[in-house]
Amino acid sequence: MEFLWPFLICIFMVTSFVVVGIAILCRYEGGKVSGPRLEQLEDPSIVGILPIGYLCREELWMSCGGAVRPELLLVFRALAVAYLLPQLLYNIVKDGVSGYFFYTQWTFTLLILYFSLALRVSVDHFVNEKFNRSLPARIESPDFGDEQVMLDEDDEVEGAGVRSILQNGKDRATEQGKGQLPFAPGRGEKLEDAGIAGYVTQAVFQAVLPAVLLTDMVYWCLLVPFVLPKTTRHTFIDVNMHAVNALLLLTEFALNSLRFPWFRIGYIILWSASYTYFQWTLFTTGLSHKWPYPFMDVETPWAPAWYLFIIVFHGICFALCLLLALGKQSIWSRFNFPTTHRMSF
Numbered sequence: 003m004e005f006l007w008p009f010l011i012c013i014f015m016v017t018s019f020v021v022v023g024i025a026i027l028c029r030y031e032g033g034k035v036s037g038p039r040l041e042q043l044e045d046p047s048i049v050g051i052l053p054i055g056y057l058c059r060e061e062l063w064m065s066c067g068g069a070v071r072p073e074l075l076l077v078f079r080a081l082a083v084a085y086l087l088p089q090l091l092y093n094i095v096k097d098g099v100s101g102y103f104f105y106t107q108w109t110f111t112l113l114i115l116y117f118s119l120a121l122r123v124s125v126d127h128f129v130n131e132k133f134n135r136s137l138p139a140r141i142e143s144p145d146f147g148d149e150q151v152m153l154d155e156d157d158e159v160e161g162a163g164v165r166s167i168l169q170n171g172k173d174r175a176t177e178q179g180k181g182q183l184p185f186a187p188g189r190g191e192k193l194e195d196a197g198i199a200g201y202v203t204q205a206v207f208q209a210v211l212p213a214v215l216l217t218d219m220v221y222w223c224l225l226v227p228f229v230l231p232k233t234t235r236h237t238f239i240d241v242n243m244h245a246v247n248a249l250l251l252l253t254e255f256a257l258n259s260l261r262f263p264w265f266r267i268g269y270i271i272l273w274s275a276s277y278t279y280f281q282w283t284l285f286t287t288g289l290s291h292k293w294p295y296p297f298m299d300v301e302t303p304w305a306p307a308w309y310l311f312i313i314v315f316h317g318i319c320f321a322l323c324l325l326l327a328l329g330k331q332s333i334w335s336r337f338n339f340p341t342t343h344r345m346s347f
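The numbering of the sequence shown is the numbering used here, which starts it at 3 and goes up by one.
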């Protein structure tokens, strides 16, 4: 290898990137928010006493602010899977596993995985709602100490994506005009937890959204004008993997109730770093003698600058997702829909 030092710098940069991502997840994922006690808050939020990464089961299948019925969200997710999955299978049949040489194929697979997980949650809710309507929807969550919360399917909380809460076990606390509900749970109340499958679904969602934005912007803003031949024809599959994918995911993002906590940037860090290590392994072992993208070439003195640019661009894409999350919350509040979630920044 002619230029060894750029590769070593790139390894250091990406590994440091990974360490930061893991540290953020270890620090905040499932950790409780420190702050004033519940009785000292004028407008206490569920984020103040529950883990900041806490997820309620209802957030997985319910639309933001009740904009559409859960059945319609289920249908949209089913159509997304039915539309995208055949294209992935076609790519695998046509190119074999060599298609996973490209980051686009990785992200496209992750996108289908998310829609499949989200569809499973919606189907589970539909089945439970249809066949177990008479059963009370009360499930215990992990113990959070003195403050315990329990919500039923007729209740609603701003930060948890549910319809209302019982305050001190008796009184409902609602502010319909503001779309906000003060949170003051009574002792002995419980909150329904999303479970491991729910957290995996949310983690995949928070990894795939910035990954899709990054993939599409790099393709249309960098590869198409500067790398690909001018005579390149964009096939139906190309358009779907670099444009329609974002359209479907942004539609899902606009409709669902999933929160977007900032600290889960760690998942997109780990996802992209895994692909980078995969490419480095292929190159150093001699299994591949070419790079999928020119900016990944570590045998040039410009490699550290390119890798730094990609790292920064990951942060920009995730920040854009956070801004979209704030915008969604603002838009639904303008229509006087009760926002069923809090962004938990």
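Think of the CB as a built atom: it goes at the ideal place given N, C-alpha and C, for glycine as much as any other residue.
This one's a predicted model, so the numbers in the text were calculated from it and none came from an experiment.
If the five residues before and after I267 are omitted, its C-beta is found closer than 6 angstroms to the C-beta atoms of F320, all from its own chain and listed in chain order. Taking every protein chain shown into account, the CB of D218 has 16 or more other CB atoms within 10 angstroms, so this residue is buried. Counting C-beta pairs closer than 8 angstroms gives three or more between the region 81-91 and the region 103-115, which meets the contact rule. Between Y269 and A205, the C-beta gap is smaller than 8 angstroms, which places the two residues in contact. Spanning the alpha carbons of Q281 and S274 requires a straight line of approximately 11 angstroms.
Closest in alpha carbon position to V129, among Y102, F104 and L76, is L76. The three-state reading of DSSP puts D195 in strand, counting E and B together. Contact between the region 230-244 and the region 281-294 is not established, with fewer than three Cβ pairs separated by less than 8 angstroms. Segment contact: the region 6-17 against the region 301-308, three or more CB-CB distances shorter than 8 angstroms; contact assigned. Taking C-alpha positions only, I24 is separated from I13 by approximately 16 angstroms. DSSP lists N258 as the bridge partner or partners of S65. Cβ contact annotation for F262 (same chain, cutoff 7 angstroms, sequence separation greater than five): Q208, C323, L324, A327 and M345, in chain order.
Bounds of any alpha helix (DSSP H) do not take in E31, whose DSSP letter is neither H nor E.
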